[in-house]
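J.: Before I ask anything, let me first share the structure, which is written out below as structure tokens.
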């Protein structure tokens, strides 16, 4: 097999060079090489960084012990989850191979590769994060802020660059592979096979993000209820059998989950643009393949990210926040310059570069908005969190109602940001008169390019994001060790910068998924039109299509409810286990014998998947059924309804959750008047707000993005199957 | 003017009778007469009932005193609100008269009449309710359950029959009037003038429902915070300056608000069907006017309601719940029989009767669903409220999260019910081959008829609903008087039946508004096509239209947030006033001097309107702006996005709020284990859940219906203006 591919590759290269009339193929090869090499560069830099970080000092014995437990816990989680996911992947691959009349096998293979690529990226990120925390703590204890920041950020960049690199290498290698194995096949069909890769990445991301979210909140809630409330032992006490599960949870949700989420959005954005571009290529004779251009744009963003990562270094003892921001600015500007230069050199309409930059600006704007709604400063006197602190002083209900209202309001600017990017890039792409661009298809392609642009610098964004949980853990470790006061202050500063980065990334992830889904929506419509040879009009004034839109709107709603109720049920199981351990071995509470941490991790992990599996299968099933029964246009309405409601729900839940969290932090901070006559009451109110917000922001909110990508890809991937069933059903009535 | 109308009327009648070729006009006259007479019948029965009820015994002095304070408070509220609303109405009427090139004056006049009709209905309902409560209490004290039920239900029926009657009389009288004044004008234009009537009803309903919602929660919250928390005086203590405002609030929100809400939905549903029917009439030559048929269907429902109201009487000392249900069943069946008979006699396709019945069944189903999600029994082992009680035993956060999740889930069956009614009536209407029906327009018309059918029996539904607050108040009055234990038990039974009726009506109101809005959506599209002479395709795959849908989706979100935050701000003002009264006159707390109740009512009333006015103007403005800038098709997307998100939000908030309320009631009920070691804690958790739920279910949730109707009518009414501005803007760029 490998030999066949290599020999065909060589044969193809010879054909390309010997046939000058096939000049476009030359640019294809160029584009693919750029993508492949940039991807490899990112992966190599990530691996090199990993080696450098691993050589750093691991700290004293106590640091090592605490960190080791978390690392082992994360390993258990990964082992259990990946075992189940492997079965799921192989099962679904067999289904795909069977139900697809054409190209079932290549789609199934792409799907398997996509799943394992996502799992691999998540594994590496988690492995680095759980080993970097003690090294960051050690660096803080010995060298202070500067060296600690360097370790933490470099470690975070392993995950960031890895997912950017794997996306590029995966997509371009698969394209080359299917091109070589199926010579002469049209580009749109090649990309349809590769849709399997994106589908694999997204289903794994859904498990990583939503499953991780259920895991982390299960552990958190159970540890608190049995530990703090029933047994009156402190939070994070090592006697609590759920303590390690709780610590693992942060890494599982924030590192592996967010990484998988950004990875799948990035792949989906590139794929949507490629599908639309391949449609343009098929319609017009062009000097360059629009189908491969998205890979080049993503590659430029990855190069900018690699450079950006190495330029992030704070001044000694400074607040590291500005350094992180500097990294973002530099990478953004660098990407802008690169993309304009390359588009000009290639002689492609500058509109493409402008759309990519619009997308990136929209992403930055959404991240900024999330920050305004969740930080303690606000903007221009509009201070949601400060107002929520005042409401916490009144009552729990006032705090919850105001947080919920600000969460709703936070959707407004973000949605408007996405609308502006959408409409502006569409206008640019549709009014230009360049070869191949212009008109409806040109406009839609520009929208897809905006999505690619938004995600192009994901290598850097994800580096900043992964940095957060690493310093958060490092802070926990250093508190439990015998480090100096200075080291703790350094870690606090690192942590504060990490929290802001996390808030921004959360908004960024939601915005990027939303615009990727819009691009996928357009790609779905194009693909459906190509398939049935008729225009697809998603006219929601048609009752069938409106019914589809309503069903779509119910999907994120139901998914959210099932996740939150799932946490509740799963916590019930884990509470039983913790109580059982305390009952069976009284030595645990006395501190004389070790609790069985692994058992709790296993319950949280398998329970999370058990809660999630039905929802996932239902979501995929409802998507296929809606299209099969109501038709492809109603399926378009379904996707539209889902993204309308889902985007708003995701923003509401993430931002309300973040705002409640920071309200509690403000009330706990030294600036707040701790001598207030009702301080205990007020603090308890804020804790309740945070408890409501936890599953909002860590379980449901950010999972909705991934859900939207999964259903969009389900519609696009299973399109031929759905059209077939619908035709058969229509014939029956 | 009056003489002119009368003389023209006579002239028209002569023309009708003298011109046999104008036979269709004969049926027009018949249809209008049926509608007008049924409406007058309902109003006369309501007035007669009012006289009968007012003759009943008013109870002892103590009952009279308490009730009188509430009655006076309600009067103050009405006076202040209606003064502001009159200014608002007249101002908007002038705007309408100016901006409309054609028929500005008749539209403005229709608008003024619609506004005052809604205010009048609300006034009568409130007047009856606040006088009936003491009479119900007196009947319970003297005659027991049976007589008390009779008084309460008959009083409720005054409001119910009044709104049904005013809708019929208003619409048919306006039609006749404009027909006579503008002889020879086409029916669609007549209905467009009458759109003003519906717009007036809806804007007043928005103030009544949302303003009433802000009022009642402002009073509730402020009374609790200053009274219970700061001064430690009991709830409802007459020393509290906000006590009467609090009691008035229930009547204001539940009687006047819900009445205005159902009234406006009913008028909007009939109007939408009439607009679509008039379009059918204009296209085909038909023996009967489809434009007037909706009035006949609504008239049949009103006749069924009048009969149903007089058949509701419980067996002596029985639970009155079955009697209420019996009334609903009888009215529903009677309506079904009448509508089938009349449609058959007229020789119109039976499909029309089937659609009307589908609509009614959908309404009953949605009401039933709301009940399952909020009562303490559940269905088939699915027991949301019981599960929430278990969560209340864990923590406040668990209770809030589970209530929120069940609220989300409660949207699923209701939305599916609406979809089924929508698609089924469309299929029926589009596949029939009767004259005029069939095809796209026939299908859409059948959908609008389903909306009319759903609301046809609103006379009875609203009677059961108004009954609720009357017995609720009666229970409060009887507790404060020296009545026997038996009388209190009788009132408790009446109250329990009232709560179930209220839960069902709340769901019913949301469902009816949703399907009315869908009918209005179709009417908007038809009207827009007629206006610009081109097909309107609301294709959400088009970025401009998708942008419109996103903006529309933001409208209910923003409105909800502004309402909830508005309650918070308004309560702040009222808390200041209560504190001021206590400070200035210490005699109030000692019980030696009377607090200034009216001042609190004034603050709550004018504050509510002050919070609501900007939102209302913004909502109307954004609707007009979206259409003017992005075009009519994007305005279609806007309406679609608003109804998708708004319908789900309304169900979520109403049902979650109801479930939290009943969770608290279950924990307070004698069946719950009051000796639980943490009972106080658990009860406090449930109180917090109820506090979060109050603005959900009484302020934001039910206002969203009305909001959706208002924006749909804004789009339809201002269509020519919007089209004009858009054309002008398009010409500029």
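Chains as they are written, first to last, in the working numbering: chain A, 294 to 1026; chain B, 294 to 1026. We put the beta carbon where it would ideally sit given N, CA and C, even for glycine.
#1: From what residue to what residue does the alpha helix (DSSP H) around residue 972 of chain B run?
#2: Can you tell which of A/881, A/382, A/924, A/817 has its C-alpha closest to the C-alpha of residue 409 of chain A?
#3: Any beta carbon from chain B within less than 8 angstroms of residue 315 of chain A's own beta carbon?
#4: Can you tell me which of the three DSSP states residue 675 of chain A falls into?
#5: Using CA atoms only, rank isn't needed, just tell me which of B/334, B/343, B/948, B/808 is closest to residue 447 of chain B.
#6: Short of 6 angstroms in beta carbon distance, which residues of its chain neighbour residue 1027 of chain B, apart from the five on each side in sequence? Order them along the chain.
#7: In the structure shown, what three-state DSSP assignment does residue 426 of chain B receive?
#8: Which parts of the region 592-628 of chain A are runs of the beta strand (DSSP E), unbroken and 3 residues or longer, counting only runs that do not cross its ends?
#9: Sorted by chain position, which residues of the same chain lie with C-beta nearer than 7 angstroms to residue 292 of chain B's C-beta, five sequence neighbours on each side aside?
#10: Taking residue 909 of chain A as part of the alpha helix (DSSP H), name the residues at either end of that continuous run.
#11: Is it right to say residue 468 of chain A is buried, meaning 16 or more other beta carbons lie within 10 angstroms of its own, or is it exposed?
#12: Does the distance from the C-beta atom of residue 1015 of chain B to that of residue 920 of chain B stay below 8 angstroms?
#13: Only counting the same chain, and skipping five residues up and downstream in sequence, which positions put a Cβ closer than 7 angstroms to that of residue 530 of chain A?
#14: With 16 as the cutoff for other CB atoms within 10 Å, does residue 628 of chain A come out buried or exposed?
#15: Please decide whether residue 857 of chain B counts as near chain A, where near means a Cβ-Cβ distance under 8 angstroms.
#16: Using a Cβ cut-off of 8 angstroms (strictly closer), state whether residue 1016 of chain A contacts chain B.
#17: Output needed for residue 332 of chain B: all residues of its chain with C-beta closer than 6 angstroms, excluding positions within five of it in sequence on either side, in chain order.
#18: Ignore the nearest five residues each way along the sequence and tell me which others in residue 727 of chain A's own chain have a CB closer than 6 angstroms to its CB.
#19: Who does residue 832 of chain A pair with in a DSSP beta bridge?
#20: Is the beta carbon of residue 920 of chain B within less than 7 angstroms of some heavy atom of the ligand NAP?
#21: Using a 10 Å radius around the Cβ and a threshold of 16 neighbouring Cβ atoms, would you call residue 885 of chain B buried or exposed?
#22: Using a Cβ distance threshold of 8 angstroms, determine whether the region 735-751 of chain A contacts the region 797-814 of chain A, with at least three qualifying pairs required.
#23: Which residues, in chain order, does the region 816-832 of chain A contribute to contact with chain B at a C-beta distance below 8 angstroms?
#24: For the alpha helix (DSSP H) containing residue 820 of chain B, name the first residue and the last one.
#25: Determine, using beta-carbon pairs with one atom in the region 393-413 of chain A and one in the region 486-505 of chain A, whether at least three such pairs fall under 8 angstroms.
#26: Classify residue 775 of chain B as buried or exposed, calling it buried when 16 or more other Cβ atoms lie within 10 Å of its own Cβ.
#27: Mind checking if residue 618 of chain A is an interface residue toward chain B, Cβ cutoff 8 angstroms exclusive?
#28: Which residue from A/594, A/587, A/711, A/940 puts its Cα closest to that of residue 753 of chain A?
#29: Name the chain B residues that come within less than 7 angstroms of residue 937 of chain A, Cβ to Cβ?
#30: Within 10 angstroms of its Cβ, does residue 471 of chain A collect 16 or more other Cβ (buried), or is it exposed?
#31: So, under 8 angstroms CB-CB, residue 985 of chain A and residue 693 of chain B are touching, yes? Tell me the CB distance rounded to an integer number of Å.
#32: What whole-angstrom Cβ distance do residue 863 of chain B and residue 815 of chain B have, given they're in contact under 8 angstroms?
#33: Rounded to whole angstroms, how far is the Cβ of residue 592 of chain B from the Cβ of residue 328 of chain B, which I believe are closer than 8 angstroms?
#34: Pairs of beta-carbons, one from the region 471-484 of chain A and one from the region 353-365 of chain A, closer than 8 angstroms: are there three or more?
#35: Under the assumption that residue 428 of chain A contacts residue 552 of chain A (Cβ atoms under 8 angstroms), give the Cβ distance between them as a whole number of angstroms.
T.: So, from the data block:
#1: As a first step, residue 972 of chain B is located in the second chain; it is residue number 679 there, counting from the start. Its alpha helix (DSSP H) spans residues 972-988.
#2: The count along the first chain starts at 1 and reaches residue 409 of chain A at position 116. Ranking A/881, A/382, A/924, A/817 by Cα distance to residue 409 of chain A puts A/382 first.
#3: As a first step, residue 315 of chain A must be located in the first chain, where it is residue number 22. Residue placement at residue 315 of chain A is flagged as unreliable, the pLDDT there being 42, under the threshold of 50; the coordinate-derived value follows with that caveat. Not an interface residue.
#4: Taking the first residue of the first chain as 1, we reach residue 675 of chain A at position 382. Three-state DSSP puts residue 675 of chain A in a strand.
#5: Translated into positions along the second chain, residue 447 of chain B becomes position 154. Out of B/334, B/343, B/948, B/808, B/343 has the C-alpha closest to the C-alpha of residue 447 of chain B.
#6: Past the boundaries of the shown model lies residue 1027 of chain B; chain B is included only from 294 to 1026, so the question cannot be answered.
#7: Here residue 426 of chain B is taken as the residue at index 133 of the second chain, counted from 1. Here residue 426 of chain B sits in helix by DSSP.
#8: none
#9: There is simply no residue 292 of chain B to check, as chain B begins at 294 and stops at 1026 in what is shown.
#10: By 1-based counting over the first chain, the position of residue 909 of chain A is 616. From DSSP, the alpha helix (DSSP H) with residue 909 of chain A extends over 890-923.
#11: Position 175 of the first chain, counting from 1, holds the residue named residue 468 of chain A. With 16 or more Cβ atoms within 10 Å of its Cβ, residue 468 of chain A is classed as buried.
#12: Reading the second chain from its first residue, position 722 is the one you call residue 1015 of chain B. Reading the second chain from its first residue, position 627 is the one you call residue 920 of chain B. Going by C-beta atoms, residue 1015 of chain B is nearer than 8 angstroms to residue 920 of chain B.
#13: As a position in the first chain, residue 530 of chain A is number 237, starting the count at 1. The residues are 520, 536.
#14: Locating residue 628 of chain A in the first chain gives position 335, where the first residue counts as 1. So residue 628 of chain A ends up on the buried side.
#15: Looking up residue 857 of chain B in the second chain gives position 564. Residue 857 of chain B counts as touching chain A.
#16: Walking along the first chain from the start, residue 1016 of chain A turns up at place 723. So no, residue 1016 of chain A is outside the interface.
#17: Locating residue 332 of chain B in the second chain gives position 39, counting from the first residue. Cβ within range, chain order: 458, 461, 462.
#18: For this step, residue 727 of chain A is matched to residue 434 along the first chain. Within the same chain, residue 727 of chain A has close Cβ partners 642.
#19: Residue 832 of chain A sits at position 539 when you count from the first residue of the first chain. Paired residue(s): B/832.
#20: Questions concerning the ligand NAP fall outside what the structure shown contains, since it holds no ligand whatsoever.
#21: Here residue 885 of chain B refers to the residue found at position 592 of the second chain. It is exposed - the Cβ of residue 885 of chain B has fewer than 16 other Cβ atoms within 10 Å.
#22: yes
#23: Going along the region 816-832 of chain A in chain order, one finds 818, 829, 830, 831, 832 with a Cβ nearer than 8 angstroms to chain B.
#24: To locate residue 820 of chain B, count along the second chain from 1; it is residue 527. Note, residue 820 of chain B: alpha helix (DSSP H), 778-825.
#25: yes
#26: The sequence position of residue 775 of chain B within the second chain is 482, counting from 1. Counting Cβ neighbours within 10 Å, residue 775 of chain B comes out exposed, since fewer than 16 surround it.
#27: Stepping through the first chain from its first residue, residue 618 of chain A is reached at position 325. No, its Cβ sits nowhere closer than 8 angstroms to a Cβ of chain B.
#28: In the first chain, residue 753 of chain A corresponds to position 460, counting from 1. Of the listed residues, the one whose Cα sits closest to residue 753 of chain A is A/594.
#29: Counting from one through the first chain, the residue named residue 937 of chain A turns up at place 644. For residue 937 of chain A, the chain B residues whose Cβ falls inside 7 angstroms of its Cβ are 842, 843, 846, 934, 937, 938, in order along the chain.
#30: For the purposes of this step, residue 471 of chain A is taken as the residue at position 178 of the first chain. Residue 471 of chain A comes out buried.
#31: Locating residue 985 of chain A in the first chain gives position 692, counting from the first residue. Locating residue 693 of chain B in the second chain gives position 400, counting from the first residue. Indeed, because the Cβ distance is near 5 angstroms, the residues count as touching under 8 angstroms.
#32: Against the second chain, residue 863 of chain B aligns to sequence position 570. Against the second chain, residue 815 of chain B aligns to sequence position 522. Not quite, the Cβ-Cβ distance comes to about 38 angstroms (not below 8 angstroms), so this is no contact.
#33: As a first step, residue 592 of chain B must be located in the second chain, where it is residue number 299. As a first step, residue 328 of chain B must be located in the second chain, where it is residue number 35. With a Cβ gap of about 5 angstroms, residue 592 of chain B and residue 328 of chain B count as contacting.
#34: no
#35: Translated into the one-based positions of the first chain, residue 428 of chain A becomes position 135. Translated into the one-based positions of the first chain, residue 552 of chain A becomes position 259. In fact, because the Cβ distance is near 19 angstroms, the residues do not count as touching under 8 angstroms.
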